[in-house]
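Since the structure comes first, as structure tokens, the remarks are kept for the end.
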């Protein structure tokens, strides 16, 4: 209602008792208790203020407003210059009897201000009603003060600073203070100064809105802060008449809110006649601004003609679609028809006719409808003002009995978690609605369709269960066109799942042990995806080493790479075609049988000289064995001759010349086993 709120950004709000050193309160975001503005006029510097709530308004009427001025020192406020009251006593509203001099039929706002201040209060209502009544009274008082300078002066809301010769600018402060009650309002500080008087620029008008028999004039009221407006209209850009008897006020405006978009609606009797409009603002000092720039506007016809009805569509042999319609109550301003088409009921309808169809036309042929999709149409009747009335939407589908080609080049990718991507190449047909995916667990099994709507892209994503007995899945794809014709099935795609389940183990079923062989028997894994079975062996708990791989049918192996007394552990490792492997749950710990006889000595020989015979032999780990030496003379049988331990030679000195000696040697182990006798003769 009042533009004083627009001075808020330039006000300094100080919460203090007057006559103390002012300290700015930066923590309070609320409006100051009193707002202050000024305007330079031919009479002097006009100063206006406005309380921002009913409580301050009541206190101002009771105790009056103290307006004080400080002379600036070199343009800057200084404590050396004291604040001096501009009036001898606080400024209060006039007594009621003094208002009679300014209240008459020609000054409605002075009467409104007097009623707001001295009118009978709502004493019978509740607290909310009383508060609302005081809020309204404050608004009426401020509005009346804005529109009538005498009303502002009589309300104690205006002061004329006539002495503007000494200093151009001064620091003013205004507050309410009553020493007896101790009441004090916030103090508002404002640097005010006299400048060369000039009229305010008018509001900035936006483009008008032309409607049927009405014209909207629009502008933003938040700046430069007018309280009301005069709206003027003319048939040319020079001569204007005022349309409103009272200032036009924005309905949403109040004391503490900036005006937003302001709209004034003018009614015109006849469309098509141009008018010129301008707006004059009224500021808080009841002075008028310069007129705004003018805008030109006219009422326009917004009433559409009758809409087309009975829209029918039929298909020709060449697949062209013929539209027919009727129209009832044809208006005189009917200019013609437009035909609109789209391939979806909620799609973007595009006009099909290059120029407006004549008034007498009731048929239109779409020679190239979309044969791949559903065609939607409506017809619009158009008057000379461009208003359209639309028929109901109708649709048609061209006949299509030709199936599309099947998808090609099916490929897949699958990761270790079972995430599957199937891709294919789309057929060359342009009327593909989508694709259906069929799948089965067996190549000759019953195929099912992946549920859901048609796939509109050329790939399919799924997650497969890897913990199942089926290692493969099979897919094929069918293309479906907009006429629901289905293609033949694509080539079959075999998808091999990542195998995370190891095969069943191969197990030993039997074994045979001899002195020089260990023969192993086993049962092969029953898993169908077994790729290999290999035998591993280790001796004396050493590292495992692979002995050999086996063919798919091998179930026996003979190990001959043995050492007497060696202890061997065997296991079978079964591996499938995905690298999963399993080890025999139970190993075999075997050792070859020991032979009854120890091995005979090797390289047994004798060397004779005149006085002795030297016997030599070799034997593995000879120091672990003892040797029994036999001897006989000439044809006598061998008899035990010597017992030797851990040696491989011995010299016999008990010999005679021209005598034949027969020697024999036997190995004896610590376990009691003996070898056969190895014999040799001397000459």
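In this note's numbering, the protein residues as written are 2 to 684.
Built from N, CA and C at the ideal position, the CB exists for glycine as well.
Residue 282 sits in a strand when the DSSP states are folded into three classes. Every unbroken stretch of the beta strand (DSSP E) spanning 3 or more residues and falling wholly within the stretch 442-502 is given here in chain order: 460-464, 473-482 and 494-497. The C-beta of residue 544 has fewer than 16 other C-beta atoms within 10 Å across all chains shown, which makes the residue exposed. About 5 Å separates the Cβ atoms of residue 504 and residue 575, confirming a contact at the 8 Å cut-off.
Looking at the DSSP output, residue 667 shares a beta bridge with 629. DSSP links residue 268 through a beta bridge to 215. The secondary-structure analysis by DSSP pairs residue 644 across a beta bridge with 629.
Judged by DSSP secondary structure, residue 545 falls outside any alpha helix (DSSP H); it is assigned neither H nor E. Within 10 angstroms of the beta-carbon of residue 557 lie fewer than 16 other beta-carbons, which makes it exposed.
For the 8 Å CB-CB criterion, residue 451 and residue 433 do not form a contact.
The Cβ atoms of residue 373 and residue 482 lie closer than 8 Å to each other.
Between the alpha carbons of residue 223 and residue 97 lies a distance of about 35 Å.
Inter-residue distance for residue 427 and residue 495 is about 19 Å (C-alpha atoms, whole angstroms).
Bridge pairing for residue 305: absent [DSSP].
If you draw a straight line from the Cα of residue 515 to the Cα of residue 537, it comes to about 20 Å. Relative to residue 165, the option among 480, 671 and 39 whose CA is nearest is 39. Per DSSP, the continuous beta strand (DSSP E) segment holding residue 175 begins and ends at 170-176.
Cβ-Cβ distances below 6 Å link residue 92 to 65, 66 and 157 in the same chain, with the five nearest sequence neighbours on each side left out; the list follows chain order. Under the DSSP assignment, residue 198 falls outside any beta strand (DSSP E); it carries neither an H nor an E label.
By the criterion of a C-beta distance shorter than 6 Å, residue 193 is surrounded in its chain by 39 and 173, once the five residues flanking it on both sides are discounted. Boundaries for residue 110: no beta strand (DSSP E) harbours it, while the alpha helix (DSSP H) harbouring it runs 109-119, taken from the DSSP string. At the C-beta level, residue 148 and residue 228 come within 8 Å of one another. Counted as a single uninterrupted DSSP element, the beta strand (DSSP E) harbouring residue 569 occupies residues 569-577. According to the DSSP assignment, residue 373 belongs to no alpha helix (DSSP H), since it is labelled neither H nor E. For residue 519, the beta-bridge partners assigned by DSSP are 514 and 560. Under the Cβ criterion (8 Å, minimum of three pairs), the stretch 339-351 does not count as touching the stretch 266-283. Taking C-beta separations shorter than 7 Å and ignoring five residues to either side along the sequence, the partners of residue 510 in its chain run 522, 523 and 524, following chain order.
CA-to-CA, the gap between residue 674 and residue 535 works out to about 38 Å.
Taking C-beta atoms under 8 Å as the contact rule, residue 376 and residue 356 fail to qualify, at a distance of about 22 Å.
Non-local beta-carbon contacts of residue 45 in its own chain, meaning distances under 6 Å to residues more than five positions away in sequence, involve 161, 162, 163 and 165 in chain order. Residue 424 has its alpha-carbon roughly 6 Å from the corresponding atom of residue 413.
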